[in-house]
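Report on one structure; see the data block that follows.
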Amino acid sequence: MEFEWDEAKRLINLEKHGIDFGDLAEFWEGDLLNPAAVRDAGDELRLLALGVTRGDGRIIAVVYTVCGSAIRLISARRASRYEREVFRSRFGYGE
């Protein structure tokens, strides 16, 4: 799987949420919950996936879009309380 992102956005996300896009490759290998499209940004459909980080098992929310064969990462943050509850009810684990 190929990933891409805007480098300036990666640095902003790292500072704001403490999650580096470069560390998310393993995120896509685990259990994922894709609840819905979050918004249509012009001609770009943005999607939300919930999953866990490998290192500490935190449930995170990743907003992304699909660009050809690549996944373009838009943002990554700790999942909201509601999102964590939904993920745990489906998979039974996660912090």
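Just so you know, we're using our numbering here: the sequence shown kicks off at 461 and counts up by one.
Just so it is clear, CB atoms sit at the ideal spot from N, CA and C, and this is done for glycine as well.
Asked	Found
Please report the residue range of the alpha helix (DSSP H) in which Y542 lies.	R541 to F551
Which residue from D516, A485, I519 and R548 puts its Cα closest to that of A530?	A485
Take the Cβ of A468 as the centre, count every other Cβ of all protein chains shown within 10 Å, and call the residue buried at 16 or more, exposed below.	exposed
Start and end of the alpha helix (DSSP H) containing A468?	E467 to H477
So is I472 buried or exposed if we call it buried at 16+ other beta carbons inside 10 Å?	exposed
Compute the Euclidean distance between the alpha carbons of V512 and E504, then round it to the nearest angstrom.	25 Å
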